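Chains as they are written, first to last, in the UniProt record's numbering: chain A, 1 to 218; chain B, 1 to 218. Glycine is no exception: its CB is placed at the ideal position from the N, C-alpha and C atoms. The structure displayed is predicted, hence computed values, not measured ones.
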């Protein structure tokens with residue numbers, strides 16, 4: 001019974017690490033699509049979001065099976081319920097990468113990004129990538145300190161997001177309304193991607209310490 | 001044992017209906033704050049989001065207790081796990097109402113909405129209110145047909161959202177970048193509020209029919 005439970009947990013963990021890898025790759029490719037106005041890259045991100053959704057459904061399936069067959073309690077139960085939260089956050093990160101890719105696709109063959117925003121989006125994408133990577137690592141080897149460090153990266157993301165809005169809303173913005181609206185929505189996609197990574201991290205901390213996580217998805 | 005389980009389910013249902021009422025009131029008040037540039041209304045929405053988060057935590061607590069003490073299986077288990085999803089969607093609707101209120105607060109004493117957008121936002125708010133009301137009703141008395149009807153309302157929301165972007169990005173827009181960015185983000189808040197109501201409805205359908213819900217939160 002215990003062995004079966006451990007095997008199920010291992011499988012759930014494996015699925016979540018695959019999800020984390022997939023959403024990291026998705027956002028990285030979506031950023032390429034955005035910065036290089038690369039239609040193939042954009043299409044690929046949109047198409048592969050299906051795979052991430054499938055992985056999510058597999059996690060749900062496994063969780064339901066474990067609950068039904070093993071009726072875990074205490075720490076075991078906490079772990080299983082947390083898996084649902086974490087997988088939900090990662091699934092949502094995949095959606096956000098797809099949103100970025102769709103914006104790139106909609107503006108193709110033009111670029112959705114005016115030149116002066118490329119730098120700040122590159123930085124936002126770097127922070128997002130670092131956070132998704134960190135999330136994958138703490139899922140592979142749960143570690144409360146490392147998970148908590150994601151909050152710092154999230155602060156960096158918020159600063160970049162404010163910087164982005166400063167450019168778009170500043171007096172020197174020459175591109176008019178449509179690229180400004182695109183940029184504001186794109187900025188929000190990266191920022192929320194980061195929030196979900198933080199949330200996933202907080203659930204890992206909760207698993208380790210038992211401290212109830214607060215939500216970063218404002 | 002069965003009686004205890006039924007009592008717990010009833011309590012979880014009661015909490016979710018309270019959440020649904022609260023997020024409906026929150027979005028309605030946030031819309032007032034937005035349209036009338038009413039600072040008190042905005043502050044009240046922001047402050048009371050805490051109560052919604054507290055209700056959500058109570059649902060989580062109850063779910064965890066039921067799982068640990070009753071180890072439900074089959075349909076019972078499905079019900080308990082779905083409650084987590086539904087409560088998560090409703091909690092997020094509260095966050096989105098708070099985002100609307102914060103935008104109103106940020107622009108106060110000016111209005112965040114140029115006059116020509118008041119009509120479309122009023123309509124979006126009406127659809128949102130109808131959907132939240134419907135959601136509350138299907139939670140009180142689960143009904144697959146009624147829950148599925150929320151998809152139609154969501155189509156109305158998507159149409160309004162496109163209409164909004166048409167105004168903001170149209171050639172006649174005289175207000176420049178900042179109100180356009182505000183309007184685009186606000187539009188997204190209402191649209192996602194509706195998506196979460198649809199998701200909650202789909203989970204109710206799932207409870208009744210056993211058909212796996214797809215996600216509307218794109």
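Apart from the 5 residues on each side of it in sequence, residue 102 of chain B sits with its Cβ closer than 8 Å to the Cβ of 42, 46 in its chain, given in chain order.
In terms of CA proximity to residue 80 of chain A, B:64 leads the group B:157, B:199, B:64. Closest option to residue 82 of chain B, judged by alpha-carbon separation, among B:49, B:25, B:67: B:67. Using a Cβ-Cβ cut-off of 7 Å, residue 184 of chain A is close to 181, 184, 185 of chain B, given in chain order. Contact annotation: residue 112 of chain B and residue 190 of chain B have beta-carbon atoms that are not nearer than 8 Å. Separation of the CB atoms of residue 149 of chain B and residue 134 of chain B is rounded to 7 Å, and the pair is thereby assigned contact status at 8 Å. In this structure, the straight-line span from the alpha carbon of residue 105 of chain A to that of residue 213 of chain B is close to 28 Å. Taken in chain order, the members of the UniProt domain "PhoU" (122 to 202) of chain A whose beta-carbon sits within less than 8 Å of a beta-carbon on chain B are 165, 168, 169, 173, 176, 177, 178, 180, 181, 184, 185, 188.
In the structure shown, residue 192 of chain B falls within a helical segment according to DSSP collapsed to helix, strand and coil. Under the three-state reduction of DSSP, residue 143 of chain B is assigned to coil, being neither helix nor strand. With a cutoff of 8 Å on beta-carbon distance, residue 23 of chain A and residue 141 of chain A are scored as not near each other. Here residue 181 of chain A is not near residue 120 of chain B, since their CB atoms are 8 Å or more apart. Within chain B, no C-beta atom comes nearer than 8 Å to that of residue 106 of chain A; the closest sits roughly 12 Å away.
Taken through DSSP and simplified to helix, strand or coil, residue 119 of chain B comes out as helix.
The C-beta distance from residue 108 of chain B to residue 39 of chain B rounds to 5 Å, short enough to meet the 8 Å contact threshold. Distance from the CA atom of residue 5 of chain A to the CA atom of residue 62 of chain A, rounded to whole angstroms, is 11 Å.
Shown here for residue 183 of chain A: same chain residues with a beta carbon closer than 6 Å to its own, the five before and five after excluded, namely 117, 168 in chain order.
Distances from the CA of residue 27 of chain B to each of B:211, B:201, B:132 were compared; the closest alpha carbon is that of B:132. Of the candidates B:158, B:194, B:92, the residue whose Cα lies closest to the Cα of residue 51 of chain B is B:92. The DSSP-derived three-state label of residue 38 of chain B is coil. Shown here, residue 175 of chain A sits in coil according to DSSP, grouped into three states, outside any helix or strand. Excluding the 5 residues flanking it on each side, residue 198 of chain B has same chain C-beta neighbours closer than 7 Å at 150, 151, 154, 216, in chain order. Annotated as distal: residue 35 of chain A and residue 200 of chain A, with beta-carbon spacing of 8 Å or more. Distance from the CA atom of residue 94 of chain A to the CA atom of residue 56 of chain A, rounded to whole angstroms, is 10 Å. Residue B:2 holds the alpha-carbon nearest to the alpha-carbon of residue 73 of chain B among B:163, B:12, B:2, B:139.
Excluding the 5 residues flanking it on each side, residue 58 of chain B has same chain C-beta neighbours closer than 8 Å at 15, in chain order.
For residue 71 of chain B, there is no enclosing alpha helix (DSSP H), since its DSSP letter is neither H nor E. Along the UniProt domain "PhoU" (18 to 103) of chain B, the alpha helix (DSSP H) occurs as fully enclosed runs of 4 or more residues at 39 to 70, listed in sequence order. Among the CB atoms of chain B, none fall inside 8 Å of the CB of residue 10 of chain A. Chain A places no beta carbon closer than 8 Å to that of residue 83 of chain B, leaving this residue out of the contacts. Not one beta carbon of chain B lies nearer than 8 Å to the beta carbon of residue 117 of chain A. Our two residues, residue 75 of chain B and residue 207 of chain B, have alpha carbons roughly 8 Å apart in a direct line. Residue 157 of chain A places its beta carbon less than 8 Å from that of residue 127 of chain A. In its chain, beyond the 5 residues on either side, 167, 180 have a beta carbon closer than 8 Å to the beta carbon of residue 173 of chain B.
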